Amino acid sequence: MDKLIIEVASNETVTRAENPHVPLTPEELAQDVAECVDAGASIIHFHPRDPDCPPDRLDIGRLDDVDFYADAIRRMKQMRDVIPYPTYPYQTHDGHAGVAKLFPHVRELVEERGVGLETFVFFIGATNMGWWNEGEQRFVTDRVNHMLHGEAASFLTWAAQADFRTQFGVREPGHIRHIYHYQDMGLVPDPVVVHLNFSDGPPFGPIPGAKGIQAFLDAVPDGKRPFQWFIHNFVNNFNSDDKHPESHRMLNLLAIAMGGHVRTGIGDLPLWNGEPLSNARMVEKFARIARDMGREVATAEEARAILGLRARPADQASR
Numbered sequence: 032m033d034k035l036i037i038e039v040a041s042n043e044t045v046t047r048a049e050n051p052h053v054p055l056t057p058e059e060l061a062q063d064v065a066e067c068v069d070a071g072a073s074i075i076h077f078h079p080r081d082p083d084c085p086p087d088r089l090d091i092g093r094l095d096d097v098d099f100y101a102d103a104i105r106r107m108k109q110m111r112d113v114i115p116y117p118t119y120p121y122q123t124h125d126g127h128a129g130v131a132k133l134f135p136h137v138r139e140l141v142e143e144r145g146v147g148l149e150t151f152v153f154f155i156g157a158t159n160m161g162w163w164n165e166g167e168q169r170f171v172t173d174r175v176n177h178m179l180h181g182e183a184a185s186f187l188t189w190a191a192q193a194d195f196r197t198q199f200g201v202r203e204p205g206h207i208r209h210i211y212h213y214q215d216m217g218l219v220p221d222p223v224v225v226h227l228n229f230s231d232g233p234p235f236g237p238i239p240g241a242k243g244i245q246a247f248l249d250a251v252p253d254g255k256r257p258f259q260w261f262i263h264n265f266v267n268n269f270n271s272d273d274k275h276p277e278s279h280r281m282l283n284l285l286a287i288a289m290g291g292h293v294r295t296g297i298g299d300l301p302l303w304n305g306e307p308l309s310n311a312r313m314v315e316k317f318a319r320i321a322r323d324m325g326r327e328v329a330t331a332e333e334a335r336a337i338l339g340l341r342a343r344p345a346d347q348a349s350r
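Residue numbers (this note's numbering): 32 to 350.
Here it is as structure tokens:
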């Protein structure tokens, strides 16, 4: 079994009112990275955030802010050897700009000197992420997210030309089949790296648990090399009860036992058993559990080898 890679979702859409430890500025993110890497993390995912936003309000208007990303990544890499990657603006059925404009901020970051962006995760396929209201016994919203095959293929073609490795978010087992067909097109090298998206809220994808994980693992076509995988929760019930359990810890423990990798952090779990822990404390908990189970934790260099990444010199662009 490979060493365990621990990824941190450092801030996502969590406000200071929900967890006072959430890092917002490039300086705070860099200091948080140092603490997380020292605790056992090797990959950092983050969102640009506005520290001047009121603590009880969410700011999501800067998700393609190249300057913020570049500043934060430079600071992170000065602090520790780490693999940071950005998010992207939220997209729904009417939110796409066409194949030529998909993820322009990622393309700029790959070209930006001094950044050395190594990877990026984006979601493929189509999913209705609408909410079910248990009391009313009906769906009360529709949120259709989709990635057209042409869009995915166009971006993957650019990535291949730029010698840039992507990872994939998947919400349904059929999305695994999509990825391997992109590989048949010559657009996805081995190892395939996948984030298995589970939800404690909107009822999409497999039910969180070992059977749900196995449903994704079983979707690998015959003759194909199995993928490397991370847990990636969309919605967590972080105030858990018997009827609405929080699956974040359960799924990540299963990942440790089943050969996958952990994704934790304030961005995915604002409260741990009701307590607002720091990102580093969450990393420490999973690292300790993994070591107690006999699975060592990977450094950033070891994570690159497992995921097929190539460290990019921080002082050079891709071409």
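Ideal Cβ placement from N, Cα and C applies to all residues, glycine included.
The model shown is predicted, which means the values in this text are computed figures rather than measured ones.
Tell me which residues share the same chain as residue i and place their Cβ nearer than 6 Å to its Cβ, disregarding the 5 neighbours each side in the sequence.
i      : result
His136 : Asp95, Val97
Glu203 : Gly236
Arg256 : Asp221
Gly243 : Pro237
Ser230 : Phe265, Val266
Determine which residues share a DSSP beta bridge with residue i and list them.
i      : result
Glu306 : Trp303
Phe199 : Phe153, Val225
Pro115 : Ile75
Ile37  : Val293
Ser278 : BP columns for Ser278 are empty, so no partner.
Asn164 : Arg169
Val328 : Leu35
Asn42  : Per DSSP, none; premise fails for Asn42.
Rounded to a whole number of angstroms, what is the C-alpha to C-alpha distance between residue i and residue j?
i      : j      : result
Gly254 : Asp215 : 12 Å
Ser309 : Leu148 : 25 Å
Arg144 : Thr150 : 16 Å
Gly126 : Asp173 : Residue placement at Gly126 cannot be trusted, given a pLDDT of 47 that sits under 50; what the coordinates show is reported in the next sentence. Those two C-alpha atoms are separated by around 14 Å.
Pro301 : Cys67  : 16 Å
Ala70  : Cys84  : 29 Å
Val39  : Gly296 : 5 Å
Met160 : Val328 : 33 Å
His279 : Glu332 : 26 Å
Val146 : Val266 : 31 Å
Tyr116 : Val152 : 8 Å
His52  : Met110 : 19 Å
Ser73  : Ala241 : 25 Å
Arg169 : Met32  : 43 Å
Arg80  : Arg322 : 34 Å
Gly217 : Ala183 : 13 Å
Arg312 : Asn42  : 14 Å
Lys34  : Arg326 : 6 Å
Gly298 : Asp63  : 13 Å
Considering only C-alpha positions, which residue in the set the options is nearest to residue i?
i      : options                        : result
Lys132 : Trp189, Met107, Asp81          : Trp189
Thr56  : Tyr100, Ile37, Leu35           : Tyr100
Ala191 : Tyr213, Pro86, Val251, Glu327  : Tyr213
Leu284 : Ala311, Phe186, Ile320         : Ile320
Ala65  : Ala334, Ile238, Pro257, Met107 : Met107
Asn164 : Ala183, Leu140, Phe154, Pro233 : Pro233
Glu142 : Arg93, Ala193, Trp162, Thr158  : Ala193
Pro120 : Leu187, Arg138, Arg93          : Arg93
Phe154 : His209, Asp323, Ile74, Lys242  : His209
Glu76  : Asn50, Pro82, Ala103, Asp90    : Residue identity differs from the one stated: residue 76 is His in this sequence, not Glu. Nearest C-alpha to His76: Ala103.
Could you tell me the boundaries of the beta strand (DSSP E) in which residue i lies?
i      : result
Trp260 : 259-266
Met178 : 175-178
If I measure Cβ to Cβ from residue i and keep anything under 8 Å in the same chain, skipping five residues before and after, which residues do I get?
i      : result
Leu338 : Ile36, Thr150, Arg196, Gln198, Pro222, Val224, Gln259
Gly205 : Gly156, Ala250
Val171 : Gly161, Trp162, Trp163, Asn164
Arg88  : Thr46
Phe247 : Val201, Pro204, Ile207, Val225, Leu227, Pro237, Trp260
Arg335 : Ile114, Glu149, Arg341, Ala342
His180 : His209
Near residue i, which residues of its chain fall below 7 Å by C-beta distance, leaving aside the five closest residues on each side in sequence?
i      : result
His263 : Gly200, His226, Leu227, Asn228, Arg294
His124 : Confidence in His124 is poor, its pLDDT being 39 and thus under 50, which makes the residue's placement unreliable; the coordinate value appears in the next sentence. Result list for His124: Val175, His177, in chain order.
Which residues mark the beginning and the end of the alpha helix (DSSP H) in which residue i is found?
i      : result
Cys67  : 57-70
Phe235 : Phe235 -> no alpha helix (DSSP H), and no H or E assigned at all.
His206 : 204-215
Arg106 : 97-110
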